[in-house]
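The listed protein sequences derive, respectively, from chains A and B.
Under the numbering used here, think of the first position of the first sequence as 10, with each following residue one higher.
Under the numbering used here, think of the first position of the second sequence as 504, with each following residue one higher.
From the three backbone atoms N, C-alpha and C, an ideal C-beta is built for every residue, glycine too.
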Amino acid sequence: MKDAKDRIKTFLSQFFGNHELQEDDDIFAAGFVNSMFAMQLILFIEKEFQVTIENEDLDLDNFRTINAIAHLLERKTTVIAAT
Amino acid sequence: MKIELTPQQEKYRSEFKAFVDESIAPYADQWDREEQTPSHVIQQLAQRGYLGAVLPQICGGSGMDAIAFGLVNEELARGCSSLRSLLTVHSMVAYALSKWGSSLQKEVWLPKLASGEAIAAFALSEPNVGSDAKAIETTATISGNAYLLNGQKKWITYGQIANVFLLFAQCEGKPSAFLVENTRPGLFIKPISGMLGVRASMLAELHLEDCKIPQENLVCRQGLGLSHVASSALDYGRYSVAWGCVGIAQACLQACLHYTSQRQQFGQPLKDHPLIQQMITEMIVNVKASRLLCYQAGYLKENRDPKSIMETSIAKYFASTTATQAANHAVQIHGGNGCSSDYSVQRYFRDAKIMEIIEGSTQIQQMTIAQSGYSESGARV
């Protein structure tokens with residue numbers, strides 16, 4: 010979990026300049042993201058963690074913070090492991 | 504590091520080139536004048552599997568890799584940019600639907616799009632809305648178990664013949680994506696003619712007057728129409744257009760190499776004049792540079808790398824400005840002949856300009872690329 014959060018933070022940091030991103034910072038509210046960000050984030054998550062983001066995952070709350078993304082990954086990998 | 508096509512990609516390239524040389528390039532000027540793409544040509548694209556290029560074989564697609572898809576775009580555009588634009592918009596919808604469509608939407612539409620039984624078009628632009636997509640004025644109102652669509656769409660590539668539109672509208676104030684079949688009552692399709700370039704691409708306006716579609720035609724979720732559905736589609740669109748620009752620039756270069764070898768002025772072939780050589784050099788170098796940027800974007804896209812989004816934007820920006828410069832040189836080199844409908848370079852010139860406007864204008868790309876550069880450096884715009 011800690012490792013996943015670090016990898017997410019490293020990826021997100023490139024969009025946040027010198028701002029030190031915290032695990033509970035709302036990345037959408039911060040206003041740092043542009044129109045291509047959503048696709049870049051999804052591609053990152055899918056490639057980095059070998060999961061597929063589906064329609065049903067697309068609740069913005071799943072992507073709002075580093076912690077939220079980590080929790081989504083935890084749920085998805087649990088589902089994959091159980092199947 | 505190795506930049507080299509695989510044997511399969513080489514085979515594809517030879518096939519695309521032969522098809523374009525024989526069945527597309529000799530007729531493209533005529534289609535441009537008639538402002539029509541003959542249906543038998545679209546059927547040929549379908550039979551060859553090009554319309555299902557971005558779809559996996561499991562749903563009837565060709566399952567081409569990103570580089571092969573790029574190559575078919577380059578070759579088609581070398582012959583006819585209008586036809587390339589059909590592949591662009593059809594593939595944009597197919598890709599977005601394969602990523603964000605419901606199980607039912609995928610089951611119904613992907614096999615039809617893959618085989619070319621259905622042609623798809625992308626309906627985002629409006630009379631008052633171009634680059635500022637968030638400002639779309641078309642509305643979708645919930646009415647029982649249906650949506651009622653009202654508004655107008657404009658500049659819809661192949662809108663005259665599309666069977667289904669991926670259409671964007673504000674639903675409860677949130678941009679959302681919908682599938683709209685061309686048979687829906689309340690949808691009126693008005694052809695657009697007299698455009699500057701890509702004149703055979705059968706543009707249309709769509710007028711929606713209480714056009715009723717079932718709730719299951721919503722693609723993805725309400726509010727994610729632009730950030731996810733349109734963004735996915737437009738990323739593929741930019742990639743397709745970038746390669747298409749390489750094709751236009753390559754066609755300009757080939758035309759100029761031929762013309763300057765034949766044409767004599769001041770007692771010597773044009774090719775021996777240094778200022779002609781300067782223009783030829785710029786064309787050769789920029790075509791190669793554009794193609795390399797497209798290879799880079801394709802390689803990243805094939806690997807599902809998040810960097811592919813910006814690299815595609817960079818490739819589109821550079822290739823589209825290269826195409827307009829190459830076409831400008833081509834007309835200049837051809838002189839009066841270049842301004843005549845007897846020579847294809849006048850078509851390349853008109854088509855190239857359109858490439859700097861569609862799928863994110865040059866200025867939008869400049870803003871996006873600069874912003875990304877500042878972000879990467881740790882600063883902010």
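Residue i in three-state terms, based on DSSP
{"i": "residue 844 of chain B", "result": "coil"}
{"i": "residue 659 of chain B", "result": "strand"}
{"i": "residue 775 of chain B", "result": "helix"}
{"i": "residue 825 of chain B", "result": "helix"}
{"i": "residue 670 of chain B", "result": "strand"}
{"i": "residue 621 of chain B", "result": "coil"}
{"i": "residue 645 of chain B", "result": "strand"}
{"i": "residue 849 of chain B", "result": "helix"}
{"i": "residue 681 of chain B", "result": "strand"}
{"i": "residue 714 of chain B", "result": "strand"}
{"i": "residue 693 of chain B", "result": "strand"}
{"i": "residue 564 of chain B", "result": "coil"}
{"i": "residue 629 of chain B", "result": "strand"}
{"i": "residue 604 of chain B", "result": "coil"}
{"i": "residue 709 of chain B", "result": "strand"}
{"i": "residue 49 of chain A", "result": "helix"}
{"i": "residue 720 of chain B", "result": "helix"}
{"i": "residue 831 of chain B", "result": "helix"}
{"i": "residue 653 of chain B", "result": "strand"}
{"i": "residue 725 of chain B", "result": "coil"}
{"i": "residue 23 of chain A", "result": "coil"}
{"i": "residue 780 of chain B", "result": "helix"}
{"i": "residue 31 of chain A", "result": "coil"}
Neighbour flag for residue i against chain B, beta carbons, 8 Å
{"i": "residue 67 of chain A", "result": "yes"}
{"i": "residue 81 of chain A", "result": "no"}
{"i": "residue 10 of chain A", "result": "no"}
Closer than 7 Å at the beta carbon, the chain A residues around residue i
{"i": "residue 738 of chain B", "result": "48"}
{"i": "residue 727 of chain B", "result": "67"}
{"i": "residue 562 of chain B", "result": "Neighbours of residue 562 of chain B on chain A: none; closest Cβ ~16 Å, over 7 Å."}
{"i": "residue 731 of chain B", "result": "47 and 67"}
C-beta atoms of residue i and residue j nearer than 8 Å
{"i": "residue 644 of chain B", "j": "residue 651 of chain B", "result": "yes"}
{"i": "residue 619 of chain B", "j": "residue 709 of chain B", "result": "no"}
{"i": "residue 701 of chain B", "j": "residue 588 of chain B", "result": "yes"}
{"i": "residue 572 of chain B", "j": "residue 596 of chain B", "result": "no"}
{"i": "residue 716 of chain B", "j": "residue 683 of chain B", "result": "yes"}
{"i": "residue 722 of chain B", "j": "residue 600 of chain B", "result": "yes"}
{"i": "residue 851 of chain B", "j": "residue 703 of chain B", "result": "no"}
{"i": "residue 639 of chain B", "j": "residue 678 of chain B", "result": "yes"}
{"i": "residue 824 of chain B", "j": "residue 859 of chain B", "result": "yes"}
{"i": "residue 612 of chain B", "j": "residue 731 of chain B", "result": "no"}
{"i": "residue 591 of chain B", "j": "residue 750 of chain B", "result": "no"}
{"i": "residue 527 of chain B", "j": "residue 583 of chain B", "result": "yes"}
{"i": "residue 692 of chain B", "j": "residue 663 of chain B", "result": "yes"}
{"i": "residue 804 of chain B", "j": "residue 811 of chain B", "result": "yes"}
{"i": "residue 74 of chain A", "j": "residue 34 of chain A", "result": "yes"}
{"i": "residue 52 of chain A", "j": "residue 559 of chain B", "result": "no"}
Contacts that residue i makes with chain B (C-beta to C-beta distance below 9 Å)
{"i": "residue 56 of chain A", "result": "806, 807, 808 and 809"}
{"i": "residue 52 of chain A", "result": "807, 808, 809, 810, 811 and 812"}
Beta-carbon neighbours of residue i, restricted to chain A and to distances below 9 Å
{"i": "residue 687 of chain B", "result": "None at all; the shortest Cβ gap to chain A is about 23 Å."}
{"i": "residue 865 of chain B", "result": "Those within 9 Å of residue 865 of chain B in chain A number zero; the least Cβ separation is about 17 Å."}
{"i": "residue 509 of chain B", "result": "Those within 9 Å of residue 509 of chain B in chain A number zero; the least Cβ separation is about 21 Å."}
{"i": "residue 741 of chain B", "result": "None at all; the shortest Cβ gap to chain A is about 10 Å."}
Residue i: contacting residues in chain B (beta-carbon distance under 7 Å)
{"i": "residue 23 of chain A", "result": "878 and 879"}
8 Å Cβ cutoff, residue i in contact with chain A
{"i": "residue 812 of chain B", "result": "yes"}
{"i": "residue 603 of chain B", "result": "yes"}
{"i": "residue 776 of chain B", "result": "no"}
{"i": "residue 823 of chain B", "result": "no"}
{"i": "residue 641 of chain B", "result": "no"}
{"i": "residue 723 of chain B", "result": "yes"}
{"i": "residue 734 of chain B", "result": "yes"}
Amino acids of chain B, ordered along the chain, whose beta-carbon sits closer than 8 Å to that of residue i
{"i": "residue 72 of chain A", "result": "Going along chain B, no residue has its Cβ under 8 Å from residue 72 of chain A, so there is no contact; the nearest lies around 10 Å."}
{"i": "residue 76 of chain A", "result": "Those do not exist, as residue 76 of chain A stays about 20 Å from chain B at its closest Cβ, beyond 8 Å."}
Contact belief for residue i with residue j at Cβ below 8 Å, rounded distance in angstroms
{"i": "residue 752 of chain B", "j": "residue 680 of chain B", "result": "No, residue 752 of chain B and residue 680 of chain B are not in contact; Cβ-Cβ is about 33 Å, not under 8 Å."}
{"i": "residue 665 of chain B", "j": "residue 623 of chain B", "result": "6 Å"}
{"i": "residue 48 of chain A", "j": "residue 816 of chain B", "result": "Their Cβ separation, rounded to whole angstroms, is 11 Å, which puts residue 48 of chain A and residue 816 of chain B out of contact at 8 Å."}
{"i": "residue 586 of chain B", "j": "residue 540 of chain B", "result": "6 Å"}
{"i": "residue 764 of chain B", "j": "residue 538 of chain B", "result": "Not a contact, Cβ separation roughly 33 Å."}
{"i": "residue 689 of chain B", "j": "residue 711 of chain B", "result": "6 Å"}
{"i": "residue 878 of chain B", "j": "residue 23 of chain A", "result": "6 Å"}
{"i": "residue 655 of chain B", "j": "residue 630 of chain B", "result": "6 Å"}
Contacts that residue i makes with chain A (C-beta to C-beta distance below 8 Å)
{"i": "residue 755 of chain B", "result": "Near residue 755 of chain B there are no residues of chain A at all, since even the closest Cβ is about 30 Å away, more than 8 Å."}
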